[in-house]
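S.K.: Pasting a structure here, questions to come.
Chains as they are written, first to last, in the UniProt record's numbering: chain X, 1 to 234; chain E, 1 to 190; chain G, 1 to 285.
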């Protein structure tokens, strides 16, 4: 289990925050399911440094027995708390912040979600709705809560997704075994983003191209939030 | 539906909102407008414009506060939007519930009648022969609505039609849906 | 008390007494009628509404927060307009253009600037020559001052009409009592918390400390702490003006300066120098 990276895109499709925690690496060449081949193809590029490649995949398998038990996990944290804390600290220190907002991976990740989101809606909406007048919003705005995209996954990773009505998109890339984290993403929007971006008079809420969220408070509080989850480290 | 919306607005106001005295809010806004009029040499058109901009800036941020408090999902049509603006939006921020009326035939335009306006309690416009005709004292509200609605993809035109401060019968804000903004597409796509 | 140089502007920031002197900024400033403020005493509106009800009306505190915050970008925009207005006038004079101006240059500015206005951004911070300009600081202080001037009566009235409050001995004659009134009542009603500390040297200087000043709880520049402290000054002018305004309304002249305590927001201290020199005060909060 691990949380690999966290992304925020604004309504103009720009990546306004990007944080890498653990490098995501293609684990022991288990190929991904057929439906998501194209995504797996790009995964190795998510990893910025390959140094931890072996470590992370090995550890993940060692711990996999405990994955489904919350109690075991919390015990782990309390028992070896200092070593766990060290590990967390190491990940936080080594991970990059806003380093690859505009690169290809970022764009592909967004594009993939964008397309999946579109598909999930088009599959269910009546074709006629495309031509109706403006009176019904749902034909234009693709967000319909029943067809909301929550996540997609390969054998290597899982991408959790939360979109606000204001068009912000929160993404977290994790190990595929991890529980659904949409609520956590929502929490980040409603608390961390609201406090440190919206309520921060020195921070814009309309980002121009290449502008990113870079105030320390946001970074710290979001880091503390993710690293406080039992699922954070592998 | 309308009842549920009202209930939600009332509940949020009662349980989830930190409150300040309304009089203080009125005085604060009044002082700002008064100062602005002086600074802009009683050019009321410019004052209206600045008030609108203040509101626009606020609305763009306030929508996130709104969504956090309400946890609402997207409206299905503009009539629902109107209900939510009045019974939840106005309710949870200003503790008033404007009346929705004067729908246009195409359901794209409606009016909000503010029987009670916390921005303008006990306010009198200056008797300089201009203000009564030119100043929209509470124009900040139009900006807030404009900004907040735009952020949820509703491109609207929001203007004051009447204001009791000017001697009109009622205080009326007109909201017109211009278009529903499409999702933006990543650069290079399509 | 912070003695560090964490707030560079604080020192340079000479007292900015709100006074009509400001009008020198604008070419002409007729002392024409102002927007009437809400009347201080309520008896002359709806006689049917009991006073009690009037003073229990409330709005969301967030609405007031955003309104006050928005004064700062507003002030910067006003500053820009005034500067542009001036330069346009001089340009018009030098070019001797015909009757295009008609004295409505403000509107022309507006239309020209329309595309420049970008809601939701913080571009107003970019030009520090305007953002941190004395005119701007002064104007923001004046927003606070005007409000301070007007709310005192209202606050005292509210306090006295609230049956839940112990009967208030509103003998606001002693400066110390007035300071306590600001710390407790004013702060509580505007910022929803009281000041944390009040000190005095007994010869007219007071230090009011708020360890968690509400408007600045989420105030962080993306350029780091130093930049945050640079940019905080305009945001401190407002409460300074507020305190000053309240004191003025109670007949006390003062100079109020604020600074961030030990460079750590949201701790703010307000240094209030009054013209009150009577040493008759002994009790403290």
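Here a beta-carbon is modelled for each residue, glycine too, at the ideal position from N, C-alpha and C. All values reported here derive from a predicted model rather than from experimental measurement.
1) What does the Cβ neighbour count give for residue 1 (chain E), buried or exposed, with the cut at 16 atoms within 10 Å?
2) Excluding sequence positions up to five away, which residues of its chain have a Cβ less than 6 Å from the Cβ of residue 111 (chain E)?
3) Tell me the residue span of the alpha helix (DSSP H) that contains residue 219 (chain G).
4) Return helix, strand or coil for residue 130 (chain G), following the three-state DSSP convention.
5) Roughly how many angstroms lie between the CA atoms of residue 62 (chain E) and residue 140 (chain E), to the nearest whole one?
6) What separation, rounded to the nearest whole angstrom, lies between the Cα atoms of residue 245 (chain X) and residue 114 (chain E)?
7) At what residues does the beta strand (DSSP E) containing residue 15 (chain X) begin and finish?
8) Under 8 Å Cβ-Cβ, which residues of chain X neighbour residue 152 (chain G)?
9) Could you check whether residue 64 (chain E) and residue 8 (chain X) sit closer than 7 Å to each other, using their CB atoms as the reference points?
10) Would you tell me roughly how many angstroms separate the C-alpha atoms of residue 237 (chain G) and residue 138 (chain G), rounded to the nearest one?
11) Please list the partners that residue 205 (chain X) has in chain E, where partner means a Cβ-to-Cβ separation under 8 Å.
12) So, for residue 149 (chain E): in the same chain, excluding its five sequence neighbours on each side, which residues have a beta-carbon less than 7 Å away from its beta-carbon?
13) Please classify residue 28 (chain E) as buried or exposed, where buried requires at least 16 other C-beta atoms within 10 Å of its C-beta.
14) May I have the straight-line CA-CA distance separating residue 52 (chain E) from residue 84 (chain G), to the nearest angstrom?
15) For the alpha helix (DSSP H) holding residue 206 (chain G), just list the boundary residues, first then last.
16) Assuming residue 240 (chain G) is part of the alpha helix (DSSP H), what are its boundary residues?
17) In the DSSP assignment, find the unbroken alpha helix (DSSP H) run with residue 13 (chain E) in it and report its ends.
18) Under the DSSP definition of a beta bridge, which residues are partnered with residue 174 (chain X)?
19) In this structure, does DSSP put residue 111 (chain E) in helix, strand or coil?
20) Identify every run of the alpha helix (DSSP H) within the region 63-143 of chain E, keeping only runs that are complete inside it and at least 4 residues long; order them along the chain.
21) Span of the alpha helix (DSSP H) holding residue 173 (chain E)?
22) Name the chain X residues whose beta carbon is nearer than 9 Å to that of residue 131 (chain E)?
23) If contact means a Cβ-Cβ distance below 7 Å, which residues of the region 3-17 of chain X contact chain E?
24) Which residues mark the beginning and the end of the alpha helix (DSSP H) in which residue 114 (chain X) is found?
25) Can a CB atom of chain E be found closer than 7 Å to the CB of residue 266 (chain G)?
26) Out of X:154, X:200, X:161, which one is the CA nearest neighbour of residue 180 (chain X)?
27) Give the residues of chain G in contact with residue 147 (chain E), contact being defined as C-beta atoms less than 9 Å apart.
28) At 7 Å on the CB atoms, spell out the chain E contacts of residue 165 (chain X), in chain order.
29) According to DSSP, is residue 34 (chain E) part of a helix, a strand, or is it coil?
30) Would residue 223 (chain G) and residue 185 (chain G) qualify as a contact pair, given that the criterion is a beta-carbon distance under 7 Å?
31) Spatial neighbours of residue 99 (chain E) within its chain, please: C-beta separation below 6 Å, excluding the five flanking residues on both sides.
32) Would you say the region 207-218 of chain X touches the region 201-221 of chain G, given that touching needs at least three Cβ pairs under 8 Å?
33) Suppose contacts are defined by Cβ-Cβ distances below 7 Å. Is residue 22 (chain E) in contact with residue 232 (chain G) by that definition?
34) Where does residue 82 (chain X) land, buried or exposed, given buried means 16+ other C-beta within 10 angstroms?
35) So with Cβ pairs under 7 Å, would you call residue 220 (chain X) a contact of chain G?
36) To the nearest angstrom, report how far apart residue 177 (chain X) and residue 72 (chain E) are at their CA atoms.
M.R.: Based on what the coordinates show:
1) Answer is exposed; the Cβ neighbour count stays below 16.
2) Same-chain partners within the cutoff: 101, 102, 172, 174.
3) First-last for residue 219 (chain G): undefined, no H or E at that position.
4) Residue 130 (chain G) carries a helical assignment under DSSP once its states are collapsed to helix, strand and coil.
5) When rounded, the separation of the alpha-carbon atoms in residue 62 (chain E) and residue 140 (chain E) is 13 Å.
6) Lying outside 1 to 234, the shown extent of chain X, residue 245 (chain X) is not represented and no answer is given.
7) Per DSSP, residue 15 (chain X) belongs to the beta strand (DSSP E) from 15-20.
8) Simply none; closest approach about 27 Å.
9) Cβ distance not < 7 Å, so residue 8 (chain X) and residue 64 (chain E) don't count as in contact.
10) Put simply, the backbone Cα of residue 237 (chain G) is about 8 Å away from that of residue 138 (chain G).
11) When 8 Å is used as the limit between beta carbons, residue 205 (chain X) is near these residues of chain E: 60, 61, 64, in chain order.
12) So the list reads 156, once near-sequence residues are dropped.
13) That one is buried.
14) Residue 52 (chain E) and residue 84 (chain G) have their alpha carbons spaced roughly 20 Å apart.
15) Per DSSP, residue 206 (chain G) is not a residue of any alpha helix (DSSP H); the beta strand (DSSP E) it occupies stretches across 205-210.
16) Secondary structure note for residue 240 (chain G): its alpha helix (DSSP H) is the uninterrupted segment 233-249.
17) Annotation: the continuous alpha helix (DSSP H) that includes residue 13 (chain E) extends over 2-15.
18) Residue 174 (chain X) pairs with X:3, X:158.
19) Correct three-state label for residue 111 (chain E): strand.
20) Secondary structure in the region 63-143 of chain E: the alpha helix (DSSP H) runs of 4 residues or longer, each lying completely within the stretch, are 78-84, 91-94, 131-134 in chain order.
21) Per DSSP, residue 173 (chain E) belongs to no alpha helix (DSSP H); it is in the beta strand (DSSP E), 172-180.
22) Result: empty, since nearest Cβ-Cβ is about 31 Å, beyond 9 Å.
23) Closer than 7 Å at the C-beta level to chain E, one finds these residues of the region 3-17 of chain X: 11, 12, 13.
24) Looking at the DSSP string, the run of the alpha helix (DSSP H) that includes residue 114 (chain X) is 104-122.
25) Taking a beta-carbon distance threshold of 7 Å, residue 266 (chain G) does not count as an interface residue toward chain E.
26) When each option's Cα is compared against that of residue 180 (chain X), the closest is X:161.
27) By Cβ distance, chain G contributes 119, 120.
28) Within 7 Å of the CB of residue 165 (chain X), the CB atoms of chain E belong to 67, 74, 152, in sequence order along the chain.
29) It is helical.
30) No, the pair does not count as a contact, with Cβ atoms beyond the cut-off.
31) Excluding residues within five positions, the ones whose Cβ falls inside 6 Å are 113.
32) By the Cβ criterion, the region 207-218 of chain X is in contact with the region 201-221 of chain G, since at least three pairs of Cβ atoms, one from each stretch, lie closer than 8 Å.
33) It is not a contact, given that the beta carbons lie outside the stated cut-off.
34) By the neighbour-count definition (other C-beta atoms within 10 Å, threshold 16), residue 82 (chain X) is an exposed residue.
35) Not one chain G Cβ lies under 7 Å of residue 220 (chain X).
36) The C-alpha of residue 72 (chain E) is placed about 30 Å away from the C-alpha of residue 177 (chain X).
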